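Take a look at the structure below.
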Amino acid sequence: MFHNSRPFLAALAVLGGSYVLLIVAMVAADVAYLGGRLPAVMTEVFGAPEIRDSLLLSLFSCSIAAVLSVLAGVPLGYLLAREKWRGRGLVEWLVDIPVVLPPLVVGVSLLILFHVKVGTHSIESWLNGHGMRVSFAVPAVIIAQFTVAAAFAVRTLKLTFSQIPRRTEEVALTLGCSRAGAFWRVALPQARRGVLGAFTLAWARSLGEFGPVYVFAGVTRGRTEVLSTTVYLELSTGRLDAAVAVSLLMIAVALVALGLVRWLGKEDAP
Amino acid sequence: MITVSDFCVVAGKFRLENVSFTIAAGAHAVLMGPSGAGKTTTLEAICGLRAVESGRIVIADRDVSAFPPAERGIGFVPQDGALFPHLTVRENAAFALKVRRQSPADIVARVNELAAQLGLTQLLDRRVTELSGGEKQRVALARAVAFRPPVLLLDEPFSALDVPGRELLREHLQRLRAEERITILHVTHDPSDAEALATQVIKL
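If you're matching them up, the sequences are chains A and B in order. Under my numbering, think of the first position of the first sequence as 345, with each following residue one higher. Under my numbering, think of the first position of the second sequence as 119, with each following residue one higher.
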């Protein structure tokens, strides 16, 4: 029986393993491309003020986008997991749209949303009138990242809340809590790791976001430049070394974030 | 005292109608019935966790039928205990007192008193995920009665326990009823629970 299953398992391993090999090969190729020049290129690239600014803006915008994603994801995830309400299916479907939509389309749609005129004003012109600029400025970077990242946060948090037994909240109600009290004292603390996981996932997703940022915030060097747009700018000016160096940094950050999400997921298991 | 009169609960296709009973103050009533008869549903409805179509629920001379669960003054121990896994034994036991913003000194005194009654003193700083089935049920009991409710509702508290665990929990329940002067409504399908504990048996 065991012997008979070997060729089958081997075939699965070869087919599935080829994809794993592709991922490993991509990262290895990036490292091999720079080879012995890696330390020197890294030093040069991260010594450049515009790339340092890009790194700082990435850290800043991803963190804000991740916080906003959790702020939207916790209530929405809870409502989707816990309550039966008319239109829940529709909302679940709508929330998944940013996940499946081509990133460029998200960017175009954001641009249109902020610039389409309702009466005499668009959102952008109204904000401009109040001294704020969104499109092609830092807020656009954050909104573009948030739009996609929040969808992932909502998915994670819906799953988190659906795995927490409703009974504990019901007991909290009998012990004197209001519905809000039971949420704060019982549901949310139990969802702690899920919230951290959603934050990390949203952060990592924001870091990799390019399409919506490209369209809605532009790729102006030193103004709306984040790491993903840095890679694009470096490539478009033929500086392949710098593009690979920044890519390697992003891979490292993504690996750390992914490790964190997996660890949090594992620790959360009962 | 607990009085349930003409109460009717509908949950999907399930329908429980014309349930009426009275339990005297300080009694230990056992609610029995076959699986699917609506025993748990009855407890949930008395707690306010399930909407009642009609009927009245009176707890210690207060008509609580329209009250939210928080204001009914009922200690509830569900079948699996449903302890709060993010809290220690001490924090679980103190939960209702903290919600009521009692003074830290009062909370410590009450938790220590209950821990002594229920044999939890050595476990107070443990996480509830590390406890045995019987220990969990005792923590759930301590948490349910900490705010001195006049009524305690138990849903199959012995179902996951072995024989010695059952005996021990029965002793604790008897002592708790005497010392806390609490009225107990206890759901079980085991006639030996009724024999050992009940002052009144209600059949669904």
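All residues carry an ideal CB built from backbone N, CA and C; glycine is no exception. These numbers come from a predicted model, not from an experiment.
_Give the list of continuous alpha helix (DSSP H) stretches no shorter than 4 residues that lie fully inside the region 546–581 of chain A._
The region 546–581 of chain A contains, as complete alpha helix (DSSP H) runs of 4+ residues, the segments 555–560 and 571–580 (chain order).
*Which runs of the alpha helix (DSSP H), 4 residues or longer, sit entirely within the region 467–537 of chain A?*
Contiguous alpha helix (DSSP H) elements confined to the region 467–537 of chain A occur at 467–473, 482–507, 510–518 and 523–526, taking only those with 4 or more residues.
_So Q489(A) contacts chain B; which residues on that side make the cut at Cβ distance below 9 Å?_
If you number the first sequence from 1, residue 489(A) lands on position 145. Taking the beta carbon of Q489(A) as reference, no residue of chain B falls within 9 Å; the closest one sits roughly 31 Å away.
*For D273(B), which beta-bridge partners are listed by DSSP?*
By 1-based counting over the second sequence, the position of residue 273(B) is 155. As computed with DSSP, D273(B) is found in a beta bridge with V305(B).
_Short of 9 Å Cβ to Cβ, which residues in the region 159–186 of chain B face chain A?_
Listed by position, the residues of the region 159–186 of chain B near chain A (Cβ gap below 9 Å) are E162, C165, G166, L167 and P186.
*asked:* Could you give the first and the last residue of the continuous beta strand (DSSP E) run that contains E135(B)?
replied: Here residue 135(B) refers to the residue found at position 17 when the second sequence is read from its first residue. Looking at the DSSP string, the run of the beta strand (DSSP E) that includes E135(B) is F132 to I141.
*asked:* Let me check understanding here. Comparing Cα to Cα, which of A526(A), V498(A) and G463(A) lies closest to P442(A)?
replied: Along the first sequence, one-based indexing puts residue 442(A) at 98. The shortest Cα separation from P442(A) among A526(A), V498(A) and G463(A) belongs to V498(A).
*Report yes if the C-beta distance between V557(A) and V570(A) is below 8 Å; otherwise report no.*
Looking up residue 557(A) in the first sequence gives position 213. Looking up residue 570(A) in the first sequence gives position 226. Yes, the pair counts as a contact, with Cβ atoms nearer than the cut-off.
*Should R208(B) be labelled buried (16 or more other beta-carbon atoms within 10 Å of its own) or exposed?*
Taking the first residue of the second sequence as 1, we reach residue 208(B) at position 90. With a threshold of 16 other beta carbon atoms within 10 Å, R208(B) meets it and is buried.
_Is there a Cβ of chain A sitting closer than 8 Å to that of D198(B), yes or no?_
Position 80 of the second sequence, counted from the start, is the residue given in the question as residue 198(B). It does: the Cβ of D198(B) has a partner Cβ on chain A nearer than 8 Å.
*Nearest candidate by alpha-carbon position, reference A232(B), set R168(B), R293(B) and I320(B)*: Along the second sequence, one-based indexing puts residue 232(B) at 114. For clarity, residue 232(B) is Leu in the given sequence; the question names Ala instead. Ranked by Cα distance from L232(B), the first of R168(B), R293(B) and I320(B) is R293(B).
*Please confirm whether E203(B) and V246(B) have their CB atoms less than 8 Å apart.*
For the purposes of this step, residue 203(B) is taken as the residue at position 85 of the second sequence. For the purposes of this step, residue 246(B) is taken as the residue at position 128 of the second sequence. Going by the sequence as given, residue 203(B) is Pro instead of Glu. In this structure, V246(B) lies closer than 8 Å to P203(B) by Cβ.
*asked:* Using only the alpha-carbon positions, how far apart do E166(B) and T518(A) sit?
replied: What you label residue 166(B) is simply residue 48 of the second sequence in a count that begins at 1. What you label residue 518(A) is simply residue 174 of the first sequence in a count that begins at 1. Inspection of the sequence shows that residue 166(B) is occupied by Gly rather than by Glu. Computed Cα separation, rounded: 8 Å.
*In chain B, which residues lie less than 7 Å from C406(A) when you measure between Cβ atoms?*
Sequence index remark: in the first sequence, residue 406(A) carries index 62 (1-based). For the C-beta of C406(A), not a single chain B residue is nearer than 7 Å; the gap to the nearest is close to 28 Å.
*Could you check the C-alpha separation between A262(B) and R174(B) for me, to the nearest Å?*
Mapped onto the second sequence, residue 262(B) falls at position 144. Mapped onto the second sequence, residue 174(B) falls at position 56. If you take the alpha carbons of A262(B) and R174(B), they lie about 23 Å apart.
*From the DSSP output, read off the bridge partner residues of G193(B).*
The residue given as residue 193(B) occupies position 75 in the second sequence. The partner list for G193(B) (beta bridge, DSSP) reads L270(B).
*Reducing DSSP to helix, strand and coil, say where I225(B) ends up.*
Here residue 225(B) corresponds to residue number 107 of the second sequence, with the count starting at 1. Looking at I225(B) - three-state DSSP - the assignment turns out to be helix.
*Scan the region 513–528 of chain A for residues whose Cβ lies nearer than 8 Å to a Cβ of chain B and list them as they occur along the chain.*
Of all residues in the region 513–528 of chain A, E514, V515, A516, L517, T518, L519, G520, C521, S522 and G525 have a Cβ within less than 8 Å of some Cβ in chain B.
*On the DSSP bridge assignment, give the partners of V462(A) in chain order.*
Translated into positions along the first sequence, residue 462(A) becomes position 118. H465(A).
*Taking only runs that begin and end inside the region 357–411 of chain A, name each unbroken alpha helix (DSSP H) of 4 or more residues, in chain order.*
Taken in chain order, the unbroken stretches of alpha helix (DSSP H) that lie wholly in the region 357–411 of chain A and span 4 residues or more are 382–391.
_Please list, in chain order, the chain B residues whose beta carbon lies closer than 7 Å to that of Q534(A)._
Numbered from 1 along the first sequence, position 190 holds the residue referred to as residue 534(A). Neighbourhood of Q534(A) in chain B, by CB distance below 7 Å: P203 and H204, in chain order.
_Report the CB separation of L322(B) from K157(B) in whole angstroms; it is logged as a contact under 8 Å._
Residue mapping note: residue 322(B) aligns to position 204 of the second sequence, counting from 1. Residue mapping note: residue 157(B) aligns to position 39 of the second sequence, counting from 1. Indeed, because the Cβ distance is near 6 Å, the residues count as touching under 8 Å.
*Proximal residues to G242(B) (C-beta, below 6 Å), its chain only, five neighbours per side dropped*: Translated into positions along the second sequence, residue 242(B) becomes position 124. A small fix is needed here, since residue 242(B) is Leu in this sequence, not Gly. Excluding positions up to five away in sequence, the list reads V207, R208 and A233.
*Would you call the CB atoms of A278(B) and G251(B) closer than 8 Å?*
Sequence index remark: in the second sequence, residue 278(B) carries index 160 (1-based). Sequence index remark: in the second sequence, residue 251(B) carries index 133 (1-based). The criterion of a C-beta distance shorter than 8 Å is satisfied by A278(B) and G251(B).
*Can you name the start and end residues of the alpha helix (DSSP H) that H290(B) belongs to?*
Here residue 290(B) is taken as the residue at index 172 of the second sequence, counted from 1. From DSSP, the alpha helix (DSSP H) with H290(B) extends over V281 to E298.
*Quick one: Cα of M370(A) to Cα of V597(A), how far?*
Working through the first sequence from its first residue, we reach residue 370(A) at position 26. Working through the first sequence from its first residue, we reach residue 597(A) at position 253. One C-alpha to the other measures close to 16 Å.
*Residues of the region 206–218 of chain B with a CB closer than 8 Å to any CB of chain A: list them in chain order, please.*
Answer in chain order: F213, A214, V217 and R218.
*Applying a beta-carbon distance threshold of less than 9 Å, which residues of chain A neighbour R266(B)?*
Your numbering for residue 266(B) matches position 148 in the second sequence. Residues of chain A passing the Cβ test: none, with the nearest at roughly 12 Å.
*Using a cut-off of 9 Å between C-beta atoms, extract the partners of R261(B) located in chain A.*
Taking the second sequence and counting its residues from 1, one reaches residue 261(B) at position 143. Those are V515 and L519, listed as they occur along chain A.
*Are the C-beta atoms of V368(A) and some chain B residue less than 8 Å apart?*
For this step, residue 368(A) is matched to residue 24 along the first sequence. The beta-carbon of V368(A) is placed no less than 8 Å from the nearest beta-carbon of chain B.
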